Structures are given as C-alpha cells and as structure tokens.
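Since the structure comes first, as structure tokens, the remarks are kept for the end.
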Ligand SMILES: N[C@@H](CCC(=O)N[C@@H](CS)C(=O)NCC(=O)O)C(=O)O
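Numbering (UniProt numbering), first residue to last: 1 to 233.
In structure tokens:
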C-alpha cells in the first residue's frame, strides 16, 4: 500500500501526486494536522516536515527523496532521465523550485496584503474546529509574523514587495525562455523538473500580483496546461 502523508496546501504534495498519477502508481492520501507535528517528529521524520511516502510500512521523507524512491521502485514512464546531462539539469531545476521559488510563493501567498487574508485561513481548513478558532484568533499577528520570520531568515522576506515582483518576473520569464523551442523544460519531455516548477507556479497563481505577471507569458500558461493534461489522472 502506498500512502502520501501531507500537510494541506503544500506545493510539494502537488509535485508528488502528479508524479504518481503520471506513472500510474495508485496511492492514498493522508493529511496530518499541524497539532500532530510532535508525533510526526518523534515517530517518522525528525524535521517535522511533510510530504512523506509510506510504502508497505516503510517511510521515505523529503519530496526529492520520495521522487527518487518512486522512480526507482515503481514502473511507468521515467521522470528522471537516464542521460546524466539531462538528469543533472532536472536536479538543478527541481532544487531551484524547492529551495528558491518555494520561499517566494510562501511569502507572497501568506504574508503580503491582498493575498494573506484569502490564503492563510485555507491553510487551516483541515484542522479541528477548536484549532481553527484558536488559529483564527491569532491571525494576522502571530501566524503571519511567523511566516515572515521564516522568509526573513531565508532572505527573501527582507526584500520589498516591489523587489520580490522583479525577482518573480525574472523567474517566470526564465521559464518562458526555456520553453522557447521546447514543450518541456528538459530534454523535450515531461520530467520531475516540470512538476517541481509547475507546483510552485500554481501557488504563484494564488496571488493577485503574480497571477497578473504570469498572464503576460502565454508560453508558460500553455506549458502548465500541458503538464496538467499529462498528470491530471
Ligand atoms: N525540502 C522538503 C520541504 C518540505 C516542507 O517544507 N514542507 C512544509 C509544508 S509546505 C512543512 O512540512 N512545514 C512544516 C515545518 O516546516 O515545520 C521537501 O521537499 O519535502
């Protein structure tokens, strides 16, 4: 049995769900509550992070490790190319998505005006009613501040919103450039790189400013539709 353990609204879920759908791996989903993080750290993952994959009782944590595990242990079309040059590029792009674009989407979705009011409450949709009311009472103060602390430590949260939008436009434009003469980011075929970047751009669309910038890049919209068509399941 394959179970994808997740926290609600994580872009990393999207990457792995689409990977498994594309490869035809049947899986169940299990959503953890934030209040269960202590148990998660103690029993399964000391980092307290999700997603994680449970396969016949064996746990694999970190979405990149999970992606490689799926590729190695399940049949279906490859998403990590065998060619070393292409595999290297897929790795670099996945890491860019996970370790850079992720913090842009987190900051923009959950801390900026016009966006956090809509997106923060969605983060708690799967909590119990009691936690929901506690969390609602703490908003916007502590939670928004807590997220700003993460993105501030990381560096992105110390930039002005105007600077962040310049950065994000450059990221979106870079993807449009990569798609100039190809349907996909690496080797002309769907790979893990597409899924990782797609997942972050989907979160970009949850913010007014980035959705507006993305609408200027038709090639990026068309590529996202192609990824969806192949991985919707
Ligand atoms: N590098 C990790 C990142 C996972 C991650 O940051 N997950 C977030 C949810 S989007 C999380 O579990 N956050 C809880 C925490 O940081 O305590 C991966 O690829 O799996």
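The C-beta atom is built at its ideal place from N, Cα and C for all residues, glycine as well. All values reported here derive from a predicted model rather than from experimental measurement.
Alpha carbon to alpha carbon, how far is residue j from residue i? Give it in angstroms, no decimals.
| i | j | result |
| --- | --- | --- |
| residue 63 | residue 216 | 30 Å |
| residue 1 | residue 166 | 45 Å |
| residue 117 | residue 93 | 31 Å |
| residue 164 | residue 125 | 28 Å |
| residue 155 | residue 133 | 31 Å |
| residue 142 | residue 181 | 46 Å |
| residue 39 | residue 30 | 15 Å |
| residue 4 | residue 43 | 16 Å |
| residue 47 | residue 37 | 9 Å |
| residue 199 | residue 130 | 30 Å |
| residue 26 | residue 17 | 10 Å |
| residue 74 | residue 53 | 13 Å |
| residue 159 | residue 127 | 32 Å |
| residue 6 | residue 187 | 30 Å |
| residue 231 | residue 22 | 5 Å |
| residue 71 | residue 98 | 18 Å |
| residue 153 | residue 147 | 10 Å |
| residue 137 | residue 57 | 38 Å |
Who does residue i pair with in a DSSP beta bridge?
| i | result |
| --- | --- |
| residue 186 | 189 |
Please go through the UniProt domain "GST N-terminal" (1 to 78) and give each complete beta strand (DSSP E) segment of 3 or more residues, from N-terminal end onward.
-> 2 to 6, 28 to 31, 52 to 55, 58 to 61
Those runs of the alpha helix (DSSP H) which lie wholly inside the UniProt domain "GST C-terminal" (83 to 233) and span at least 4 residues | 84 to 96, 102 to 111, 116 to 123, 129 to 138, 141 to 154, 161 to 178, 192 to 204, 208 to 215, 218 to 231
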